[in-house]
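Enquirer: Residue 257 in the UniProt record's numbering is what sits at position 257 of the sequence shown, and the numbering runs on without skipping anything.
What follows is a single structure, and I will ask about it in a moment.
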Amino acid sequence: MPLEIVIGTQWGDEGKGRIVDLLAAKADVVARFNGGDNAGHTVTVGSRTFKLHLIPSGIIHPHTIGVMGNGMVINPVTFVNEVEMLQAAGVAANPERLRISHAAHLITPAHRALDAAQEAARGQAQIGTTGRGIGPAYTGKTSRNGLRMEDMLDASSFYKKMKQHVEEINTMLVKLYRADPLDENAVAREYAKLALQLAPYITDTGELVYRALQQGKRVLAEGAQGTLLDLDHGTYPYVTSSYATAAGALVGLGVGIVPVERVIGVTKSFQTRVGAGPFPTEVFGKTAERLRGSGKNPWDEFGTTTGRPRRVGWLDGVLLRYALRVNGVTELMVTKMDILSGLTNLRLCTAYQQGSQVVHELPLGPANLTPYEPVYEELAGWEEEITSVRRWQELPEAARVYAQRLSEFCGVPVRRLSVGPEREQVVDVPL
Numbered sequence: 001m002p003l004e005i006v007i008g009t010q011w012g013d014e015g016k017g018r019i020v021d022l023l024a025a026k027a028d029v030v031a032r033f034n035g036g037d038n039a040g041h042t043v044t045v046g047s048r049t050f051k052l053h054l055i056p057s058g059i060i061h062p063h064t065i066g067v068m069g070n071g072m073v074i075n076p077v078t079f080v081n082e083v084e085m086l087q088a089a090g091v092a093a094n095p096e097r098l099r100i101s102h103a104a105h106l107i108t109p110a111h112r113a114l115d116a117a118q119e120a121a122r123g124q125a126q127i128g129t130t131g132r133g134i135g136p137a138y139t140g141k142t143s144r145n146g147l148r149m150e151d152m153l154d155a156s157s158f159y160k161k162m163k164q165h166v167e168e169i170n171t172m173l174v175k176l177y178r179a180d181p182l183d184e185n186a187v188a189r190e191y192a193k194l195a196l197q198l199a200p201y202i203t204d205t206g207e208l209v210y211r212a213l214q215q216g217k218r219v220l221a222e223g224a225q226g227t228l229l230d231l232d233h234g235t236y237p238y239v240t241s242s243y244a245t246a247a248g249a250l251v252g253l254g255v256g257i258v259p260v261e262r263v264i265g266v267t268k269s270f271q272t273r274v275g276a277g278p279f280p281t282e283v284f285g286k287t288a289e290r291l292r293g294s295g296k297n298p299w300d301e302f303g304t305t306t307g308r309p310r311r312v313g314w315l316d317g318v319l320l321r322y323a324l325r326v327n328g329v330t331e332l333m334v335t336k337m338d339i340l341s342g343l344t345n346l347r348l349c350t351a352y353q354q355g356s357q358v359v360h361e362l363p364l365g366p367a368n369l370t371p372y373e374p375v376y377e378e379l380a381g382w383e384e385e386i387t388s389v390r391r392w393q394e395l396p397e398a399a400r401v402y403a404q405r406l407s408e409f410c411g412v413p414v415r416r417l418s419v420g421p422e423r424e425q426v427v428d429v430p431l
């Protein structure tokens with residue numbers, strides 16, 4: 001059963017979309033298993049840049065079948081907009097090539113309104129959510145009063161369920177948060193129309209994926225967000241509401257415990273995060289500006305979904321090694337190596353210090369990083385532009401040393417480096 005799982009090893013935004021696009025060239029099914037439209041995968045093909053928030057980025061390859069698993073929460077408006085965008089670009093995002101799990105949950109305007117109200121009520125303790133209704137949708141799921149995609153298949157009962165759903169959240173908005181209520185009839189009418197558009201895509205995707213694996217087809221599972229945002233294993237409470245680790249792929253696709261051929265961890269050559277929460281290796285000033293970019297290019301460090309400037313810093317090897325462990329990563333792909341060109345000196349965090357105590361592994365995971373200061377290992381940088389490099393031997397020696405040091409430190413082989421946003425801008429690392 002050739003199942004491959006692509007996982008982000010940081011706080012998301014590692015460049016998983018371009019790695020999935022690369023691996024999807026040899027996949028039959030590309031399946032996303034968690035999250036909602038708070039995620040953003042950017043894929044550059046020639047002069048076209050695709051920014052996808054829900055639909056698996058591997059769908060851009062014409063031979064693949066795209067699957068949106070039961071572990072997702074789906075905003076139908078975003079889905080329709082993405083389908084239209086893809087179709088306008090010549091990508092066949094139709095029900096023959098794209099399927100949604102009947103058990104995936106819906107995100108509604110009421111979820112979004114509740115998300116905004118709850119975040120505002122936190123005041124100085126805000127988590128930094130995207131405001132896309134992700135948390136409330138997953139809360140509804142776990143409290144067993146959420147709406148699932150299969151509800152859209154019965155037009156008459158769905159209208160009533162939608163209206164009741166908005167009424168219930170309106171009560172919370174008004175009484176708990178003193179926020180304005182929504183028009184339940186208008187929302188129900190809007191979603192009744194959307195149901196007609198989404199119904200042809202809805203099916204039992206778990207059976208589809210399982211059958212593909214039984215037939216020996218290659219399935220590529222695409223994660224959203226990153227390990228450090230995982231609900232259980234991330235920097236709690238500054239996390240997302242789903243399981244962004246490799247084990248979440250099995251639950252989020254409904255395929256049971258099946259053999260996994262590869263778990264591909266994706267990391268940037270430096271560290272980024274969006275939103276609040278501790279960030280031990282964060283940098284500021286000119287170094288931050290250099291790593292982040294100006295925002296003029298689609299691949300600069302500004303959120304694909306929110307447009308917010310990302311916080312940036314040196315690569316945190318302690319958190320990276322932790323992420324590789326909890327995911328069972330078998331190989332590592334390092335993105336954005338080209339961004340490091342022109343930096344005279346590089347830093348890699350190899351341990352944390354708290355007072356006089358130095359720790360190489362977090363005693364209780366990454367939930368509380370506030371007490372720690374990073375311990376750095378200094379590495380030489382390189383001046384050369386590497387975006388045109390395609391062979392390992394052509395990379396500057398300092399770039400090769402950096403990749404080799406990551407592999408040595410983490411105990412997982414670095415197999416590929418990206419040196420730009422385009423499909424062909426990759427360098428294979430020799431075994």
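Ideal Cβ placement from N, Cα and C applies to all residues, glycine included.
Just confirm the distance between the C-beta atoms of Phe158 and Met149, as a whole number of angstroms; I'd bet it's less than 8 Å.
Expert: So it is not a contact: roughly 10 Å between Cβ atoms.
Enquirer: Any chance the stretch 201-214 sits against the stretch 226-234, with 3 or more Cβ pairs inside 8 Å?
Expert: No contact exists between the stretch 201-214 and the stretch 226-234.
Enquirer: Closest by CA to Arg97, which one among Gln87, His105, Ala104?
Expert: Among Gln87, His105, Ala104, the Cα nearest to that of Arg97 belongs to Gln87.
Enquirer: Going straight from the alpha carbon of Gln353 to that of Val283, what length do you get?
Expert: Roughly 17 Å between the two C-alpha positions.
Enquirer: Looking only at its chain, what residues have a beta carbon closer than 7 Å to the beta carbon of Thr64, apart from the 5 residues adjacent to it on each side?
Expert: The answer, listed in chain order, is Ala24, Ala27, Asp28, Val29, Val30, Gly58.
Enquirer: Assuming Tyr177 and Thr108 make a contact with CB atoms under 8 Å, what is their CB distance in whole Å?
Expert: Not a contact, Cβ separation roughly 17 Å.
Enquirer: As a quick exercise: from Glu82, Thr350, Leu362, Gly12, pick the residue whose alpha carbon is nearest that of Tyr243.
Expert: Out of Glu82, Thr350, Leu362, Gly12, Gly12 has the C-alpha closest to the C-alpha of Tyr243.
Enquirer: Taking all protein chains shown into account, do 16 or more other C-beta atoms lie within 10 angstroms of the C-beta of Gly277, making it buried, or fewer, making it exposed?
Expert: By the 10 Å Cβ count, Gly277 comes out buried.
Enquirer: Exposed or buried, which one is Thr44 when buried takes at least 16 other CB atoms within 10 Å?
Expert: Thr44 should be labelled buried.
Enquirer: Could you tell me if Lys161 is buried or exposed, where buried requires 16 or more neighbouring beta carbons within 10 angstroms of its beta carbon?
Expert: Its Cβ being crowded by 16 or more others within 10 Å, Lys161 is buried.
Enquirer: Quick test of your reading: Val263 and Ile7, contact by CB under 8 Å. State the CB separation rounded to the nearest angstrom.
Expert: Between Ile7 and Val263 the Cβ distance is about 6 Å, and since that is below 8 Å, they are a contact.
Enquirer: What whole-angstrom Cβ distance do Asn345 and Glu397 have, given they're in contact under 8 Å?
Expert: With 8 Å as the limit, Asn345 and Glu397 do not qualify as a contact, their Cβ atoms being about 15 Å apart.
Enquirer: How many whole angstroms separate the CB atoms of Thr387 and Asn327, which I take to be in contact at a CB cut-off of 8 Å?
Expert: Thr387 to Asn327, Cβ: 29 Å. No contact.
Enquirer: Can you tell which of Ser47, Gly46, His105 has the C-alpha that lies nearest to the C-alpha of Val73?
Expert: Nearest C-alpha to Val73: His105.
Enquirer: State buried or exposed for His53, treating a residue as buried only when at least 16 other CB atoms are found within 10 Å of its CB.
Expert: Buried.
Enquirer: Buried or exposed: which applies to Ile55, given that a residue is buried once 16 or more other Cβ atoms fall within 10 Å of its Cβ?
Expert: Label assigned to Ile55: buried.
Enquirer: Using beta-carbon positions only, say whether Val274 and Gly303 come within less than 8 Å of one another.
Expert: Going by C-beta atoms, Val274 is nearer than 8 Å to Gly303.
Enquirer: Determine whether the beta carbon atoms of Val312 and Gln271 lie at a separation below 8 Å.
Expert: Yes.
Enquirer: Could you give the uninterrupted runs of the beta strand (DSSP E) lying entirely in the stretch 280-336, keeping only those of 3 residues or more?
Expert: As far as the stretch 280-336 is concerned, its whole beta strand (DSSP E) runs of at least 3 residues are 311-313, 331-335.
Enquirer: So is Leu340 buried or exposed if we call it buried at 16+ other beta carbons inside 10 Å?
Expert: So Leu340 ends up on the buried side.
Enquirer: Give me the residue from Gly317, Gln404, Thr129, Leu291 with the minimum Cα distance to Leu229.
Expert: The shortest C-alpha separation from Leu229 is found at Thr129.
Enquirer: Please classify Asn75 as buried or exposed, where buried requires at least 16 neighbouring CB atoms within 10 angstroms.
Expert: Asn75 should be labelled buried.
Enquirer: Can you check which of these residues, Ser269, Arg423, Ala120, Ala221, is closest to Val251 by C-alpha distance?
Expert: With distances taken between Cα atoms, Val251 lies closest to Ala221.
Enquirer: Per DSSP, Asp428 is paired with what?
Expert: For Asp428, which the question treats as bridged, DSSP gives the partners Arg416.
Enquirer: Where Pro2 and Asn70 are concerned, what is the direct C-alpha to C-alpha distance, given to the nearest angstrom?
Expert: Rounded to whole angstroms, Pro2 to Asn70 spans 20 Å at the Cα level.
Enquirer: Provide the residue(s) that pair with Arg218 in DSSP beta bridges, ordered along the chain.
Expert: DSSP, once it has assigned bridges, lists no residue as partnering Arg218.
Enquirer: Rounded to the nearest angstrom, what separates Pro371 and Ala351 at their Cα positions?
Expert: Going from the Cα of Pro371 to the Cα of Ala351 covers about 13 Å.
Enquirer: Decide if Gln425 is buried, meaning its Cβ has at least 16 other Cβ atoms within 10 Å, or exposed.
Expert: Buried, because 16 or more other Cβ atoms sit within 10 Å of the Cβ of Gln425.
Enquirer: By a C-beta neighbour count over all protein chains shown, 10 Å radius and 16 as the cutoff for buried, is His360 buried or exposed?
Expert: Counting Cβ neighbours within 10 Å, His360 comes out exposed, since fewer than 16 surround it.
Enquirer: Using only alpha-carbon positions, find the residue among Val375, Phe33, Ala186 that is nearest to Leu348.
Expert: That would be Val375, whose Cα lies nearest to the Cα of Leu348.
Enquirer: Can you list, in chain order, the residues of its chain with a C-beta nearer than 7 Å to that of His165? Leave out the 5 residues immediately preceding and following it.
Expert: Excluding positions up to five away in sequence, the list reads Thr108, Ala110, Leu147.
Enquirer: Which runs of the beta strand (DSSP E) fall wholly inside the stretch 90-173 and span at least 3 residues, in chain order?
Expert: Listed in chain order, they are 98-101.
Enquirer: What span of residues does the beta strand (DSSP E) with Phe50 cover, start to end?
Expert: Here the beta strand (DSSP E) through Phe50 covers 48-52.
Enquirer: Could you give the DSSP three-state label for Ala27: helix, strand or coil?
Expert: Here Ala27 sits in coil by DSSP.
Enquirer: When DSSP builds the beta bridges, which residues end up paired with His41?
Expert: Its beta-bridge partners are Leu52.
Enquirer: Under 8 Å between the Cβ atoms of Thr281 and Asp316?
Expert: Yes, they are a contact pair.
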